[in-house]
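Presented below is the structure to which this report refers.
Numbering (our numbering), first residue to last: 18 to 1269.
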């Protein structure tokens, strides 16, 4: 249920409320007294809703693509971005910007007039002083309002642009075929970092537009004040800008290179997080951490180079106006013109305006634009990915499955001479396929591993590009994938999948999919949340939910990719009879399966071999051929004529080694659901800042640097002070080497010290960021697997992308700006107070207002920023989830459902982000209004109490310059605090509790284990503290080289036994291998001695060799030998690049069965003394199962083997069988003895096989 929100008061606000941002007062008042809650947020106006914004960007982008196609050009995203907003919006922000610039020049003119009046010192002129002061105050006030409403409008437009681009990326994902879709790391980088850089794009572009007018006005004012001589200083500023622009080009190159490395780093981290069990099982943590560290070092090298340029550039920018003033004064003095206060300080202020225009508006905007252009180009390239269906074939392909009710007489699938390949570089995975599947038929597709069964279903869905032939499909489709896809939501939401809820129909489907009893185990029934990846489900439950979803869809055509492999034989037979044959009898059903017992019920059988159709027809037509001709079905005889002990049997499938068997109590299930991200409350303390800097440097070094930094910023004011002394000197003294040398020394000294401080500052941040990333990587990888089950991939990856990106790029720049402008403001106030004690009296109430505004704003801002950060994680998680379930979503035509879900998540994020912008502008405008009081007080007190026009000129010039600096410094300080939340979130992850075994330093003896004796002594296991015991006081002895089968019903504790052996989590009691207690040695040393092959084979993105030998520990001949032993050598030899063949995300490029064989090859290379097979043959055909068993028998002769049995015939020749029930070992003997026990569980399992 969505949280209630309040009506946005801005919608009903009057003119003055809008002008002063007073419509924010209620929220600020709430935030001052307590932490904000979701219901405190305001509703969005229709203009800010994601649906409205999505329509705008979709319309303009579609028009841009049409225009580009019409003119034979590539569509440009920047043109679509410009068209998103109306001419009225652009005109309004430009009027505000021009008004602000006009007020700047008016203040310079009024300053000259005021100082001229004071210098004349006549009663006639002095009567105009008050009028001038009033005019200065009025111009300052109008400047404040125009500037802040300009920034507010551009930031809101930037917010809408961010929403538009994220939505466009999501929409493109839903429209892109699997093979052409970018990697998770790349997409996460797009939506977290690249889209983030679009925030200020409108502001920067508008600044560039106004800049030429500012430049012309500056030259005109300088000419009027001092003639051509003052142009020398202006020329220096222009040269500085050109130098800075040249640096900006280097920034662009470095940013592009950095983005590539960041993508790689995030892709590796995604692989680690997604396949964390595989990483831990193989004890690859250190190796993968080194890979991440290597990429991070490369990334930090590029950041370091960027920071060097940035530090020099920033220090130069802070002193450009002062250096320009020095150059112009030198030119003027040596040309014979004496310097007087009104000319000097007016010129100095014009240089400040000119500097802000060129080095802030133009240079920063140009640099930002180049940076944003890289990001915009990356997003554009992603959005311009061509339709994969036309990538590899110029043929017209009829396909009629768009809206599900085209003019048709029946549902059918027709393939005519179809060939298909995943990419241009690969050979065809399907060749010369001819199919004619008619309505109401049950079509069973079978064949060995890698024969193209799943690829055929992909081709029906148009997920594989065709290289030749034609396809047509009439009717709506639903797809049940081989690896079931469950999204984060309730069980009911996963089944009805956006369809209208029908109670009777829904309950009937639960019954025929055998889910009713399972759902009753959950605390809230079908309204229980299962979490991302379906963490609260067992493998069999996930498969049944996926099947129920496709049945509920009422689709005309059902594509089912081996859904029966993940359930036991009894349940499988029930689903086949009641669901597939009975309930779905009126639909066209295409079932991929290895279970040959179902073939006789099929209307048509399709036998695939190496991508070709070897045979197709009815069961009777193919029976003779299947039994004695086809190699593909070579095992059918042994299956159909098997003895009781050799009957095909399926025990309950528990995928992986995670907490899937905790079905004993509702408490356990509730605890396993996905947790909401914790929101830190309260103030960002100074302790956090200190801890952050201490991460990278020693405490004394930090203190010394702080003193040096304060000194450098104090020195920045001395050149302006010296000018107030210089103007009183006669021309010959002004010309003297001592005077000009002193002035020049102060200017260059300030520049030199500033450059040193900037370099040190960025160095400190870089070291802290590097070490925090390393600590977080280690802490996350070493966290218990339960942490990964409870936290979505997107949430964890968000810390490594958005949060680390903030610490790398935003935090050092914001901190530098905040420190510089805050110290400068304090320095100006101190210098002003020294000039007259009246300023102290005037500043006391002003400072009280400062303090009140800061206190009023700080807590609300902090809470809103935290809420915004937390609400961004579901957006990234949703994108990750969508990418995992692309085929199911698209085949079910549920793109709109997932798009709407993204729009809702974007709206929830925008609610917080809009208020972050609004409160920020309320604060900065309020501070500048207080700054306006300082300007007014300076003018009045200077006129009444100070009789030195040079000192007054100095003070007013400085107060003009800090008019924006006060709010900017405080805003940057607040932004630093907000961005420190990213550092805080990272530092929180650095303190994640690790698995206890990592802290143990003791190593086992050399060459351990050499026997493979496994001894369980009083072993119990709980997946969560105080949860149900899934193993109960297990005592068990496995002898050396013994082959042991493990059987039992669903939830008996089979996979938990493996979990205990792998110490995931740490069990109670003792587990000894060759007499060494695993609880006393380093956990990685223990795990690397055990090879594990689980039901869900995990392959990482990268080359085939990297997946078999991630860290180059084996010679190439050894790898080829391992591939040959699992009969994959011939396949690898014909694929492009062979061992260097690039495997896509989620192991794309290989079937599930082939992935399983690759995992077996990986285990062969490990050459461990102990092998564990956890349902490893669930997704392979009988021939491949026999191959695996043969490899185990002959290649693991001198190994101890534990096999959780999927097919009981595969363990009938094992030495012993362990029978488990309810977390206990209830029997342990030879298969023959156990089969002979009348009341035994093992015998009942065999009898179940006879029935089915």
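Heads up, the beta-carbon is just placed ideally off N, CA and C, and yes, glycines get one too.
From the DSSP output, which residues share a beta bridge with residue i?
i            : result
residue 169  : Paired residue(s): none; residue 169 is not in a bridge.
residue 1190 : 1110, 1220
residue 490  : 430
residue 241  : None, per the DSSP bridge assignment.
residue 1237 : 1065, 1242
residue 1039 : 1046
residue 909  : DSSP, once it has assigned bridges, lists no residue as partnering residue 909.
residue 5    : Residue coverage of the chain in this structure runs from 18 to 1269, which leaves residue 5 outside it and unanswerable.
residue 1094 : 1089
residue 877  : According to DSSP, residue 877 bridges with nothing at all.
residue 621  : 460
Measure the Cβ-Cβ separation of residue i and residue j and say whether it is below 8 Å.
i            : j            : result
residue 1189 : residue 1109 : yes
residue 163  : residue 113  : yes
residue 390  : residue 280  : no
residue 848  : residue 738  : yes
residue 743  : residue 751  : yes
residue 628  : residue 447  : yes
residue 1063 : residue 1074 : yes
What's the C-alpha gap between residue i and residue j?
i            : j            : result
residue 691  : residue 545  : Below a pLDDT of 50, predicted positions are generally treated as unreliable, and residue 691, at 49, falls in that range; no measurement from the model is reported.
residue 719  : residue 783  : 14 Å
residue 324  : residue 778  : 10 Å
residue 276  : residue 506  : 33 Å
residue 40   : residue 838  : 29 Å
residue 963  : residue 367  : 24 Å
residue 987  : residue 827  : 16 Å
residue 1142 : residue 1212 : 9 Å
residue 294  : residue 1204 : 25 Å
residue 154  : residue 257  : 33 Å
residue 741  : residue 237  : 25 Å
residue 662  : residue 1089 : Confidence is the limiting factor: at residue 662 the pLDDT is only 30, short of 50, which leaves the residue's position unreliable, though a coordinate-based value still follows. Going from the Cα of residue 662 to the Cα of residue 1089 covers about 32 Å.
residue 887  : residue 498  : 32 Å
residue 359  : residue 136  : 8 Å
residue 748  : residue 46   : 59 Å
residue 1099 : residue 1022 : 12 Å
residue 330  : residue 392  : 22 Å
residue 894  : residue 42   : 34 Å
residue 95   : residue 533  : 53 Å
residue 1260 : residue 1232 : 17 Å
On a CA-only basis, which of the options is nearest residue i? Give me that one, please.
i            : options              : result
residue 285  : 218, 810, 486, 1001  : 810
residue 51   : 875, 719, 999        : 875
residue 724  : 774, 433, 847        : 774
residue 381  : 319, 479, 1214, 224  : 224
residue 208  : 815, 469, 376        : 815
residue 944  : 990, 127, 287        : 990
residue 1346 : 588, 566, 853        : Residue 1346 falls outside the range modelled here, since the chain spans only 18 to 1269, and no answer is possible.
residue 726  : 768, 1183, 1096, 296 : 768
residue 620  : 456, 75, 220, 949    : 456
residue 574  : 1150, 759, 601, 717  : 601
residue 27   : 48, 59, 54, 55       : 59
Should residue i be counted as a contact of the ligand GDP given a C-beta to heavy atom distance under 7 Å?
i            : result
residue 1169 : This structure lacks the ligand GDP, and indeed carries no ligand of any kind.
- Query: Are the segment 447-465 and the segment 601-610 in contact at 8 Å, needing three or more beta carbon pairs?
  - Reply: Contact between the segment 447-465 and the segment 601-610 is present, because at least three Cβ pairs lie under 8 Å.
- Message: Using 8 Å as the cut-off, can you tell me whether the segment 794-813 makes contact with the segment 841-860, which would need three or more C-beta pairs spanning the two stretches below that distance?
- Response: Remark: fewer than three beta-carbon pairs, one from each stretch, lie closer than 8 Å, so the segment 794-813 and the segment 841-860 are not flagged as touching.
- Query: Is the segment 525-540 in contact with the segment 933-950, if contact means three or more CB pairs nearer than 8 Å?
  - Reply: In short, these stretches do not touch, since the Cβ pair count stays below three.
- Message: Any contact between the segment 994-1011 and the segment 789-796? By contact I mean 3 or more CB pairs, one from each, below 8 Å.
- Response: Segment contact: the segment 994-1011 against the segment 789-796, three or more CB-CB distances shorter than 8 Å; contact assigned.
- Item | At least 3 beta-carbon pairs within less than 8 Å: the segment 1178-1189 vs the segment 1095-1113 | In this structure the segment 1178-1189 touches the segment 1095-1113; the number of beta carbon pairs closer than 8 Å is three or more.
- Message: Using 8 Å as the cut-off, can you tell me whether the segment 1030-1045 makes contact with the segment 1112-1131, which would need three or more C-beta pairs spanning the two stretches below that distance?
- Response: By the Cβ test, the segment 1030-1045 is not in contact with the segment 1112-1131, since fewer than three Cβ pairs between them sit closer than 8 Å.
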